[in-house]
Every structure is written in structure tokens, then in C-alpha cells.
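For the sequence shown, the numbering used here begins at 621 and goes up steadily by one.
Where is the CB? At the ideal position from N, CA and C, for every residue including glycine.
As the structure is a computational prediction, the values presented were derived from the model and not from experiment.
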Amino acid sequence: MSRIDNLGRLAGVWLVVALLLGVSALADDDRVTLRSGDEIAGKVLELDSQRLLMELPDGQRRHIPRAEVQSIVFGEEQAPPVVVRVKVYSADDEVRVFVNGEEVASSDELRGSWVDISESLHDGANEIRAEVSNRTNVWAYRWVIDAGGQRTTFACGIPNRSGCSSQGRDPRALGTMDAGRGWIYLHRREGTVEVETEQP
């Protein structure tokens, strides 16, 4: 049962649609209208036949006698934030990662730890791709996308050994080669993210 259902059953509250009140509720906030005509935005924490406990936007809590409450409009529950990270586990010689055409971090940062790319993503489809640069010997790569805990790996070859030879590619080619491409589909409001891959 949802928070709205629970609170509604506890207090027998009359839920009024914001349009009928002539009021546009703040996104994700609960809105309480008092019998005096005043309106309060925040989060309803507790509600019974005697009182209402509300957390205001500044973090303070306010107790309101139930008899003073005319109506309550509950806001939408926010989905937890989606975190998308990337990391390069191996690179011979260097791997660079781009999101929507912009490089997300230096190659050293990507090799050292997970790099959060959440802020580089917009709602909808986001292109993510990588390039591997080879200056000597063979080339190889292994990098990973962690999207909300689900990991997608792009890998080819073994550094300093066999190199990447998939789909007839030359493992000793010098220069810059594709190292994987995909799409990240992000929907922040719903709290969902999906990854679709295009291996080279």
C-alpha cells in the first residue's frame, strides 16, 4: 500500500485535486491547505485525527492541529537517483571514453577509479563510445559501464600479449581504433536506465 493510501486511511483525509483548488502544487511536494486559506508545502510525515506533522523545505518540522487542515494534496514520490559510472580496467596503450561527443575524463582518471558520468547524461538516448590508441606492439582494451548496478563490458585482446583481432582486425595496427559503442537510455523521473551495446 502506498504512503498516500496509508495516510488517507489513518485520517480519512479528503484528497483534493490541485486543479479543483485552483492551485498548482510544487513538484514532488505535499501541499496542505489550512482553513484560514494559508498553504504549506513540504512532506507529510505523520497524520492522525488530532494532528499533522510536516517537514518543511528548510528541514524544520511543523505540527498542525488536524482541525485546522482543510485539504491535502500529496506530491509524487521521487525515484532514487540513477548513478552511471565508467572505468577502464586495461588499456594498451590508452583508452578514451566519450558521452554525446564529450570526453568524460582523462585516461589516467578512468584507469584509476570509477568515474561518475551521471551529470553528463540527459533524459532519453545518450551515445557512449570509446577509442583505443596504440603506439607500439599490440593493442587491447577492457572498459565497463556500471548503470544502476548493472555492468556492461567492452573488451578485446590481451594487453602486451595477443592484442585485438576480432572481426579480422589487425592486432598490431598503430593509431586510434574504435573500442566499443553503445547507448544509455536514461529516465530520471522513473529512476530507470538501460544500456544497449554496439561492439565493433
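Local Cβ density within 10 Å of residue i, reported as buried at 16 or more and exposed below that
i	result
Asp822	Look at the range of the chain in this structure, 621 to 820, and you will see that residue 822 is not part of it.
Trp763	buried
Ser733	exposed
Ala687	exposed
Asn847	The structure shown does not extend to residue 847, since the chain is modelled only from 621 through 820, so no value can be given for it.
Ser691	buried
Leu794	exposed
Arg749	buried
CA-to-CA distance, residue j to residue i, given in whole angstroms
i	j	result
Ser738	Val815	13 angstroms
Val704	Ser656	47 angstroms
Ser726	Arg651	46 angstroms
Gly783	Ala760	5 angstroms
Glu818	Asp648	37 angstroms
Lys663	Arg801	42 angstroms
Gly811	Asp766	15 angstroms
Residues that residue i bridges to, as DSSP identifies them
i	result
Phe774	Trp763
Cβ separation of residue i and residue j, assumed to be a contact under 8 angstroms, to the nearest whole Å
i	j	result
Thr796	Ser740	Contact doesn't hold; Cβ gap of about 21 angstroms is too wide.
Val813	Gly744	Not quite, the Cβ-Cβ distance comes to about 11 angstroms (not below 8 angstroms), so this is no contact.
Start-to-end residues for the beta strand (DSSP E) that takes in residue i
i	result
Ser691	689-693
Gly662	659-667
Enclosing alpha helix (DSSP H) for residue i [first to last residue]
i	result
Glu818	It is not in any alpha helix (DSSP H) - Glu818 instead sits in the beta strand (DSSP E) that spans 812-818.
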